[in-house]
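Report on one structure; see the data block that follows.
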Amino acid sequence: MSGILVYLIVLVLIFVLDIVWIGLIAKKFYVTELSPIARWSGGSMSPDWPSAILVYLLISLGIVAMALPLAGDNIFAALAYGGLFGFITYGIHDLTNYSTLNSFSLKMALVDMGWGVFLGAAAGLTGGILYSL
Numbered sequence: 000m001s002g003i004l005v006y007l008i009v010l011v012l013i014f015v016l017d018i019v020w021i022g023l024i025a026k027k028f029y030v031t032e033l034s035p036i037a038r039w040s041g042g043s044m045s046p047d048w049p050s051a052i053l054v055y056l057l058i059s060l061g062i063v064a065m066a067l068p069l070a071g072d073n074i075f076a077a078l079a080y081g082g083l084f085g086f087i088t089y090g091i092h093d094l095t096n097y098s099t100l101n102s103f104s105l106k107m108a109l110v111d112m113g114w115g116v117f118l119g120a121a122a123g124l125t126g127g128i129l130y131s132l
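Residues in the sequence shown are numbered consecutively from 0, following numbering that gives the first Met the number 0.
If you want it as structure tokens, here you go:
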């Protein structure tokens, strides 16, 4: 499968999983933890969508351009490198927020970093499988 198609599928996967996680599964947690610092509109968190879209584009690019090439043809390595990429990127984001924002809790940082590992691993595994087709 072509790299562009793998990228697009990984992009959609990451977006959908993130919406399900933040918008449904862990919504109460994120609202509680981020309420003092989040953007709000009509009682709901309201991200700056151009910035959010850029984040999804960059995470997907990192998985496809950095994690998957390290994995070669090994699907389990794709999962591991994807998870490592998620750990690093979410770790940088969350620990920077924890170190600089009064209202960003360690609990929030750790939960979100765990989510980053899962999301990266899922994207890496998916990309690895797609490249093997």
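Yeah, the Cβ is synthetic: ideal placement off N, Cα and C, and Gly gets one too.
Which word fits LEU124, buried or exposed, when buried means at least 16 other C-beta atoms lie within 10 angstroms of its C-beta?
Classification for LEU124: buried.
Distance cutoff 7 Å, beta carbons only. Does VAL11 sit that close to anything in chain B?
Note that chain B does not occur in the displayed structure, where there is just one protein chain.
Where does MET107 sit, in a helix, a strand or coil, going by DSSP?
Three-state result, MET107: helix.
What residue range is occupied by the uninterrupted alpha helix (DSSP H) comprising PRO35?
Here PRO35 belongs to no alpha helix (DSSP H), and DSSP marks it neither H nor E.
May I ask you to report which of helix, strand or coil DSSP gives SER50?
Note: SER50 maps to helix in three-state DSSP.
Note down the Cα distance separating ASP93 from GLY85, rounded to an integer number of angstroms.
Looking at the two C-alpha atoms, the distance is approximately 11 Å.
To the nearest angstrom, how far is it from the Cα of GLY2 to the Cα of VAL15?
Each residue's alpha carbon lies about 20 Å from the other.
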